[in-house]
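Residue numbers (the numbering used here): 280 to 733.
We treat Cβ as the ideally placed atom computed from N, Cα and C, and that holds for glycine.
These notes are about the structure you will find just below.
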Amino acid sequence: MAGMLASRVLSAHFERVTLLERDRHSGTEPRKGVPQEQHAHGLLKKAVDLIEGYFPGLFEQLVSAGANVWDMSEAAWFHFGNWQARSQPGLTMYTQSRPLLDSVIRGRLPDIHNLTLLDECEVVKLVANETRSLIRGVELRRRKQEATEVLEADLVVDASGRGSRMPRWLEDLGLPRVEESHVRIEVGYASRRYRKPKNLVTNWKALSIYPTPPKETRMGALSPIEEDIWLVSQAGSLGDHPPNDEAGYLEFARSLPQPHLYEILKRAEPLTPIATHKFPSNMRRHYERLKLPEGLLVLGDAMCSFNPLYGQGITLSALAANTLEGCLAVQPQGDLAGLGARFQSKVASVLELPWLMATSEDLIYPSVEGPRPLWWKMMQGYASRLHERAAYDSVVSTNFAKMMHMTSSPLLLVSPQMVMRAFSAPRGSGGGTPPVLQFTDAPAQSGGSVANVG
Ligand SMILES: Cc1cc2nc3c(=O)[nH]c(=O)nc-3n(C[C@H](O)[C@H](O)[C@H](O)COP(=O)(O)OP(=O)(O)OC[C@H]3O[C@@H](n4cnc5c(N)ncnc54)[C@H](O)[C@@H]3O)c2cc1C
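In structure tokens form, the structure reads like this:
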């Protein structure tokens with residue numbers, strides 16, 4: 280993802296761009312290089328806006344290819360012990376499988392006349408000048424070939440994901456190990472596709488049940504993807520992972536703080552095996568603190584990878600591409616000196632807020648190691664008042680949604696109006712209106728909007 284978006288940006292500034300990919304892309308076939316693609320990949324609104332800017336008409340194309348389009352007000356979302364009030368309409372959401380998203384974006388790349396796509400090419404190391412102050416290209420190996428070859432380039436961009444070998448390659452050039460920050464959260468995912476039951480009536484398009492930290496660790500989410508299929512992802516933090524056997528998967532859903540997903544999974548037809556994925560820690564590699572050789576930069580998960588439960592990853596890749604575009608715009612024509620350092624420093628500051636958003640919630644668990652300054656404690660107290668209020672107040676839930684989707688600054692949440700709303704909130708959890716879940720072949724319960732749950 281980061282490689283495709285960065286290539287689009289680079290193509291406007293360089294004579295030739297080559298995108299090297301270890302896997303072979305063939306439509307929506309599973310790829311070894313992106314094992315997380317089996318799991319739910321929500322797109323924040325910020326990512327939608329940036330990606331659409333780089334590939335105009337892409338989301339219309341995605342919908343024609345089977346993606347679902349709906350409004351955030353149609354999401355049923357349980358978080359911090361409450362069903363959140365439906366947000367006001369206005370945040371358009373697109374849900375599809377990650378392979379479909381990748382293949383539609385990838386399908387647009389051949390339109391870029393100076394971009395060459397080279398599949399089944401694995402980068403194996405950097406090629407530097409004699410003094411190792413400048414990267415001159417990469418060494419690559421084509422599939423099923425022993426011999427390597429050199430591809431020369433004025434600029435090398437590492438977008439090879441969390442497993443990037445750049446730290447090692449730089450050490451091989453005599454540089455110190457890049458510093459890393461980790462906040463360990465030990466999340467485990469287990470996901471499966473289901474056919475949407477025909478006899479089900481709901482008043483929502485997507486469902487998320489999140490835990491109340493620190494006492495709960497489990498979440499479950501369901502979103503519509505192509506061909507009337509639901510993608511269900513369950514996840515647990517701190518090693519409390521969902522299993523990949525039938526009975527265990529259902530039992531995990533039963534243990535969620537609300538019964539809706541369990542009631543659905545009991546009845547829905549599974550279409551795939553249960554895929555699992557483990558994610559150890561929020562991670563940042565501080566390339567901004569290293570004196571990188573000229574002609575090199577690092578972005579996407581290769582630079583930072585945050586707890587996927589907050590759905591920020593693709594947005595961070597898009598923000599990095601956007602930061603790169605800004606850096607290239609002010610770079611003197613034909614001169615790349617200082618580009619890498621300037622980019623890594625700018626993108627590091629762009630990451631600060633998303634890092635704070637992801638790790639602040641993880642740090643609510645006492646066993647998660649990381650700094651908890653006084654302001655963090657105060658912020659948590661205030662946030663929990665807002666979360667309670669969000670069960671009853673669509674202005675609060677809408678502002679939360681805008682902040683999460685990175686279309687508004689978090690300062691929105693501390694405006695005088697929001698502070699007043701937070702402190703007029705009724706205390707205690709268990710609020711909010713449960714979403715409708717009605718199986719038409721089961722007798723309806725009277726008086727509740729969740730007709731035959733529980
Ligand atoms: C379980 C899970 C759920 C997630 N859910 C969400 C979500 O809801 N929303 C969201 O925005 N993000 C989510 N993410 C994060 C998202 O998947 C990543 O942030 C995103 O894929 C980052 O893109 P990337 O291009 O940096 O890396 P990747 O997508 O991992 O791509 C790296 C690419 O580099 C290739 N490659 C690797 N090494 C080499 C090499 N040596 N030579 C050539 N090619 C190579 C790989 O084959 C691959 O194609 C989730 C992550 C996980 C683990």
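From the DSSP output, in three-state form, read off residue i for me.
i, result
"Ile643", "coil"
"Gly726", "Residue placement at Gly726 is flagged as unreliable, the pLDDT there being 37, under the threshold of 50; the coordinate-derived value follows with that caveat. Correct three-state label for Gly726: coil."
"Phe531", "helix"
"Phe334", "coil"
"Trp654", "helix"
"Lys477", "coil"
"His461", "strand"
"Ile543", "helix"
"Gln717", "strand"
"Met372", "strand"
"Asn731", "Confidence is the limiting factor: at Asn731 the pLDDT is only 48, short of 50, which leaves the residue's position unreliable, though a coordinate-based value still follows. Three-state DSSP puts Asn731 in coil, outside helix and strand."
"Gly499", "strand"
"Thr307", "coil"
"Trp483", "coil"
"Gly605", "helix"
"Ile504", "strand"
"Ala469", "strand"
"Phe558", "strand"
"Thr297", "strand"
"Thr638", "helix"
"Glu409", "coil"
Please state whether the Cβ-Cβ distance between residue i and residue j is less than 8 angstroms.
i, j, result
"Lys472", "Leu540", "For the record, residue 472 in the displayed sequence is Arg; it is not Lys. Cβ atoms of Arg472 and Leu540: not closer than 8 angstroms."
"Ile464", "Asn561", "yes"
"Ser290", "Leu394", "yes"
"Ala547", "Pro503", "no"
"Tyr489", "His318", "no"
"Asn361", "Gly711", "yes"
"Thr374", "Ala346", "yes"
"Ser516", "Ala500", "no"
"Gly440", "Ala581", "yes"
"Glu640", "Pro492", "yes"
"Leu397", "Thr297", "yes"
"Tyr528", "Ile553", "yes"
"Val402", "Tyr566", "no"
"Leu413", "Glu667", "no"
Which value, in whole angstroms, describes the spacing of the CA atoms of residue i and residue j?
i, j, result
"Val383", "Lys325", "18 angstroms"
"Leu578", "Leu595", "9 angstroms"
"Asp720", "Asp507", "20 angstroms"
"Leu419", "Lys311", "18 angstroms"
"Leu635", "Glu425", "44 angstroms"
"Phe293", "His392", "12 angstroms"
"Asp519", "Ala526", "16 angstroms"
"Thr686", "Ala285", "21 angstroms"
"Gly321", "Asp328", "14 angstroms"
"Gln610", "Leu618", "7 angstroms"
"Ala532", "Pro538", "8 angstroms"
"Leu716", "Val480", "6 angstroms"
"Arg700", "Asp381", "41 angstroms"
"Gly605", "Lys545", "50 angstroms"
"His684", "Pro368", "14 angstroms"
Count the other CB atoms, across all protein chains shown, that sit within 10 Å of the CB of residue i; report buried if there are 16 or more and exposed otherwise.
i, result
"Ser366", "buried"
"Lys681", "buried"
"Asp451", "exposed"
"Arg287", "buried"
"Trp356", "buried"
"Met280", "buried"
"Asn478", "exposed"
"Asn408", "exposed"
"Thr307", "buried"
"Gly336", "exposed"
"Thr677", "buried"
"Gly442", "exposed"
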